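As they're listed, the protein sequences go chains A and B.
Quick note on our numbering: the first sequence kicks off at 437 and runs consecutively.
Quick note on our numbering: the second sequence kicks off at 437 and runs consecutively.
Cβ atoms here follow ideal geometry from the backbone N, Cα and C, with glycine treated the same way.
Computed from a predicted model, the values in this text were never measured in an experiment.
2 protein chains.
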Amino acid sequence: MKPTVHDIARSAGVSLATVDRVLNGRPGVRRITQEKVEEAIAVLGYVRDVAAANLAKGRTYAFTFVLPENDNSFMIGLREEVEQAVGRSGAERTRIRVVDVPPFDGQALSTMLEGVLAERPDGVAFVAVESSDVQAAVARLREAGIAVVTLVSDLPGSQRHHFAGIDNHAAGRTAANLLGRFLSGRDGRVAMVAGSMLVRDHRERLEGFLSVLSEDFPRLAILPVIEARDDPAIAEELVTGLFRRYPDVIGLYSLGAGNRGILKAVRSLPEARRPVIIAHELTRSTRAALADGVVDAVLNQDAGHEVRSAIRVLKAKADGLPVIAAQERIRIDIFLKDNLP
Amino acid sequence: MKPTVHDIARSAGVSLATVDRVLNGRPGVRRITQEKVEEAIAVLGYVRDVAAANLAKGRTYAFTFVLPENDNSFMIGLREEVEQAVGRSGAERTRIRVVDVPPFDGQALSTMLEGVLAERPDGVAFVAVESSDVQAAVARLREAGIAVVTLVSDLPGSQRHHFAGIDNHAAGRTAANLLGRFLSGRDGRVAMVAGSMLVRDHRERLEGFLSVLSEDFPRLAILPVIEARDDPAIAEELVTGLFRRYPDVIGLYSLGAGNRGILKAVRSLPEARRPVIIAHELTRSTRAALADGVVDAVLNQDAGHEVRSAIRVLKAKADGLPVIAAQERIRIDIFLKDNLP
DNA sequence: GAGAATTTGAGGTACGTAAATCAAATTTAT
DNA sequence: ATAAATTTGATTTACGTACCTCAAATTCTC
């Protein structure tokens, strides 16, 4: 049978109260007694029953998720995952609140974070925008003892505890590797469509992509990056213009959202002129495009994993516990038409 | 505040005991009373606190994992994941026992399953071998009310409750897609190395691989499959022989284990003659080969996910609860040198 | 060695649910 | 209408841990 606190009290020859004091770091225990208890814990292999402990504590965690009001499928999906987490919040002893901010707007984000600070939650998760205001807001959150996690897009210079998202540099490199190999032997231009260079995830993807492409696939000419603000309508217009200007685009890397618009523009091309496409995020439109061959590969970050990981980390940080980095690493999923889930 | 059984008792105007009877399907409640209670549950949005319930029940689940005594890295890794689950068993209210069987031996496996049956665990997980003896053993396990899950390799005709593994057909198709595109434009032969055609996972991978290759990449000639019993030494010998016989092998799909041997054989070739390689399972040797360019892509099934999923399913089945299929789907991970974890 | 300070013990209550007992109330059958 | 059967209520104990109080024992200080 699994040992309980009673067992270690008996084994160490002390009372339950003393075991409790040692276990929960309460004062009033001599060094010698503490060591006796700790030895008993080690010998019996005692591990705290977390479920029972939580039940007894009745602690709940108040977390706030700050999400951009983007209307692309990925952000909508992310929001849904957060909503689902809200739905589970009873079972997980969390109270999760969602607040909205305008996208790509550091000013608005930092103001919102200040507002969140006033409510003193136990933790905050947000999609970062690069800005010194945001950095300052994070610093103040941490000063107030609030756990801070960036979600999807990181803010490395800041005091955030953790980043729940993929390695975007690696994602860009992977995209370049696939695109380069799929185009092996051919000459032509490669285009890139991003959301905004203000968000770190897009910048990093681009960086990784360019470094591999220029190093390993020098026969491919690289066009200047297009910024479409993750908006399908803007993307469609810009990409249509791109194809008009450059008839020899043979590869396209869509590293942001708004794929719906990009794909619409591509589909209006004759089949022979359509480029090899690597896109990000498995949504309804990218999935359909994968299935019918318009898109060749999709790199995906699982929004559900990211949200659940963020919550686990916020809990751990709120309790001052360490996080197991390997367990919280978010993977880059690669989907071809043959391994669609 | 989250409603408790007390709240629903008060709200329904019945006693705690009656609520308990309804909640746990105990007899002795009139239809009308039951409906009152159920309405109160719905109105208040009550959800059972699983942690508290488990604490009160003190139920533990006895599970047995039957693992083949293969000494390739994947099986060793799988075994480690099971051991880790054993380590967590205290916290998860499970008692997991691991037993060994000789690999690729239906007779030995079915005998072992009969032995497991005698101990009447709550559930059994095993790596299937195709054989009618095994089918019969599964039928007897189910008759005895024991939950049965196949792990890594399935046994579809049998009565098993669930398969915890990847879609191997899709994996084979994905491998063919990648290999075909990486070889685009080139002519030559493609070789396949499997463990054994007796295990379903290898057969299915091969099937998927061949169907895509023959359909989408007709310029690639397909060599007969090599069976190396997932043994590095055997694989090395056979692959070395293969290269001697066919100098124009430009692609290789390693769909089983024993990659260590295959890679040794490949490394002994001059660089110019090395084929494009797609392999399965991210192990020390495939990871190293990916990093230095000997292997081009690795398809991986996460053994940890598989084991944890198997345990969740066994628990659910032991309690007669449904499983959420989408949650238990094991993904095919694709690794290139740029997205290694 | 007396007094103060610290350490320890004993015991209780609480968390939310499960499971049991026994008595009381209600319904059903005759 | 009465007995039998069924349904319901009231109450208790338990799971493993947290946290509290108060008294008793031990150690420390001068």
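Notebook entry, point to check: On the three-state DSSP scale, how would you describe R703 of chain B?
Noted result: Position 267 of the second sequence, counted from the first residue, corresponds to residue 703 of chain B. It is helical.
Next item on the list: Give a yes or no on whether the minimum CB-CB distance between R765 of chain B and chain A is below 8 Å.
Entry: Residue mapping note: residue 765 of chain B aligns to position 329 of the second sequence, counting from 1. Taking Cβ atoms only, chain A reaches closer than 8 Å to R765 of chain B, which makes this a yes.
Check: Cβ-heavy atom distance between S690 of chain A and the ligand FAD below 7 Å?
Finding: By its list of ligands, the structure shown contains no ligand whatsoever, and the ligand FAD lies outside what it can speak to.
Next item on the list: Check the DSSP bridge columns for A600 of chain B and list the partner residues they point to.
Entry: Numbered from its first residue, the second sequence carries residue 600 of chain B at position 164. B:L587, per the DSSP bridge assignment.
Checklist line | Extent of the continuous alpha helix (DSSP H) to which S447 of chain A belongs | finding: Here residue 447 of chain A is taken as the residue at index 11 of the first sequence, counted from 1. 441–448 is the span of the alpha helix (DSSP H), which, as asked, contains S447 of chain A.
Next item on the list: Can you give me, in chain order, the residues of the segment 441–455 of chain B that have a beta carbon less than 9 Å from any beta carbon in chain A?
Entry: none
Note to self: At the 8 Å Cβ level, is N604 of chain A part of the contact set with chain B, yes or no?
What the structure shows: For the purposes of this step, residue 604 of chain A is taken as the residue at position 168 of the first sequence. With 8 Å as the cut-off, N604 of chain A does not count as an interface residue toward chain B.
Next item on the list: Let me know the secondary structure DSSP gives E566 of chain A once reduced to three states.
Entry: Against the first sequence, residue 566 of chain A aligns to sequence position 130. Correct three-state label for E566 of chain A: coil.
Notebook entry, point to check: Interface residues of chain A around T610 of chain B at Cβ under 7 Å?
Noted result: The residue given as residue 610 of chain B occupies position 174 in the second sequence. Result: L772, D774, N775.
Margin query: For a cutoff of 8 Å on Cβ pairs, would you count D637 of chain A as touching chain B?
Written below: Counting from 1 along the first sequence, the entry for residue 637 of chain A is found at position 201. Not an interface residue.
Next item on the list: Could you tell me whether the Cβ of N613 of chain A comes closer than 8 Å to any Cβ of chain B?
Entry: As a working mapping, residue 613 of chain A is identified with position 177 in the first sequence. Yes, N613 of chain A lies at the interface with chain B (some Cβ there is under 8 Å from its Cβ).
Note to self: Need the endpoints of the alpha helix (DSSP H) that P668 of chain A sits in, please.
What the structure shows: Locating residue 668 of chain A in the first sequence gives position 232, where the first residue counts as 1. Segment 668–681, the alpha helix (DSSP H) holding P668 of chain A.
Checklist line | For G394 of chain B, the three-state DSSP class (helix, strand or coil) | finding: A question about residue 394 of chain B goes unanswered here, because the residues of chain B that appear run from 437 up to 777.
Next item on the list: Starting from D536 of chain B, follow its DSSP beta bridges and name the residues at the other end.
Entry: In the second sequence, counting from the first residue as 1, residue 536 of chain B sits at position 100. Paired residue(s): B:L503.
Item checked: N460 of chain A, enclosing alpha helix (DSSP H) - first and last residue -> As a position in the first sequence, residue 460 of chain A is number 24, starting the count at 1. Neither: N460 of chain A is in no alpha helix (DSSP H) and is coded neither H nor E.
Check: Name the DSSP beta bridge partners of S620 of chain A, please?
Finding: Along the first sequence, read from residue 1 onward, the residue named residue 620 of chain A stands at position 184. DSSP output for S620 of chain A lists no bridge partner at all.
Check: What is the DSSP secondary structure of F510 of chain B, reduced to helix, strand or coil?
Finding: Translated into positions along the second sequence, residue 510 of chain B becomes position 74. DSSP places F510 of chain B in helix when its eight states are reduced to three.
Check: Just curious, the alpha helix (DSSP H) that F645 of chain B is in, first and last residue?
Finding: Here residue 645 of chain B refers to the residue found at position 209 of the second sequence. First-last of the alpha helix (DSSP H) with F645 of chain B: 636–652.
Checklist line | Positions along the segment 480–503 of chain B whose CB lies within less than 7 Å of some CB in chain A | finding: V483, V486, A487, A488, N490, L491
Notebook entry, point to check: Can you name, in chain order, every residue of its own chain whose Cβ lies under 6 Å from the Cβ of R596 of chain B, other than the five neighbours on each side?
Noted result: Start at 1 with the first residue of the second sequence, and residue 596 of chain B comes out as number 160. For R596 of chain B, where only same-chain residues beyond five positions count, the Cβ hits under 6 Å are V574, V584, T586.
Next item on the list: Compare the C-beta of A708 of chain A with all C-beta atoms of chain B and state if any pair is closer than 8 Å.
Entry: As a first step, residue 708 of chain A is located in the first sequence; it is residue number 272 there, counting from the start. By this cut-off, A708 of chain A is not an interface position.
Item checked: S690 of chain B, DSSP secondary structure in three states -> As a working mapping, residue 690 of chain B is identified with position 254 in the second sequence. Three-state DSSP puts S690 of chain B in a strand.
Next item on the list: List the residues of chain B whose Cβ lies closer than 8 Å to the Cβ of G526 of chain A, in chain order.
Entry: Taking the first sequence and counting its residues from 1, one reaches residue 526 of chain A at position 90. Within chain B, the residues near G526 of chain A are K438, V483.
Margin query: Between I658 of chain B and A630 of chain B, how many whole angstroms is the CB-CB distance? I'm expecting something under 8 Å.
Written below: Here residue 658 of chain B refers to the residue found at position 222 when the second sequence is read from its first residue. Here residue 630 of chain B refers to the residue found at position 194 when the second sequence is read from its first residue. Not confirmed; about 13 Å, so no contact.
Margin query: Is the separation between the beta-carbon of V743 of chain A and that of R703 of chain A shorter than 8 Å?
Written below: What you label residue 743 of chain A is simply residue 307 of the first sequence in a count that begins at 1. What you label residue 703 of chain A is simply residue 267 of the first sequence in a count that begins at 1. Contact: no.
Next item on the list: Output, in chain order, the set of chain A residues within a Cβ distance shorter than 7 Å of I768 of chain B.
Entry: For the purposes of this step, residue 768 of chain B is identified with residue 332 of the second sequence, where counting begins at 1. Those within 7 Å of I768 of chain B in chain A are N775.
Next item on the list: Can you give me, in chain order, the residues of the segment 637–658 of chain B that have a beta carbon less than 9 Å from any beta carbon in chain A?
Entry: G644, V648
Notebook entry, point to check: Comparing alpha-carbon positions, which option in A:A761, A:Q763, A:S745, A:K773 lies nearest A521 of chain A?
Noted result: By 1-based counting over the first sequence, the position of residue 521 of chain A is 85. The shortest Cα separation from A521 of chain A among A:A761, A:Q763, A:S745, A:K773 belongs to A:S745.
Item checked: A752 of chain B to G677 of chain A span [Cα, whole Å] -> Taking the second sequence and counting its residues from 1, one reaches residue 752 of chain B at position 316. Taking the first sequence and counting its residues from 1, one reaches residue 677 of chain A at position 241. Looking at the two C-alpha atoms, the distance is approximately 55 Å.
Margin query: Does L545 of chain B come out as helix, strand or coil in the three-state DSSP assignment?
Written below: Here residue 545 of chain B corresponds to residue number 109 of the second sequence, with the count starting at 1. Reduced to three states, the DSSP call for L545 of chain B is helix.
Note to self: Whole angstroms are fine: how far does the CA of M628 of chain B sit from the CA of P660 of chain B?
What the structure shows: Counting from 1 along the second sequence, the entry for residue 660 of chain B is found at position 224. Counting from 1 along the second sequence, the entry for residue 628 of chain B is found at position 192. P660 of chain B and M628 of chain B: Cα-Cα distance of roughly 7 Å.
Check: In three-state DSSP terms, what is N775 of chain B?
Finding: By one-based count along the second sequence, residue 775 of chain B stands at place 339. Here N775 of chain B sits in coil by DSSP.
Note to self: To the nearest angstrom, how far is the alpha carbon of I468 of chain A from that of A487 of chain A?
What the structure shows: Stepping through the first sequence from its first residue, residue 468 of chain A is reached at position 32. Stepping through the first sequence from its first residue, residue 487 of chain A is reached at position 51. I468 of chain A and A487 of chain A: Cα-Cα distance of roughly 30 Å.
Check: CB-CB under 8 Å to L705 of chain B, same chain, minus the five flanking residues each way: which ones, in chain order?
Finding: As a working mapping, residue 705 of chain B is identified with position 269 in the second sequence. Counting only Cβ-Cβ distances below 8 Å, and skipping sequence neighbours, we find F679.
Check: Using a beta-carbon distance cut-off of less than 7 Å, what residues from the segment 547–575 of chain B approach chain A?
Finding: none
Margin query: Using beta carbons (cut-off 8 Å, strictly below), is G621 of chain A in contact with chain B?
Written below: By 1-based counting over the first sequence, the position of residue 621 of chain A is 185. With 8 Å as the cut-off, G621 of chain A counts as an interface residue toward chain B.
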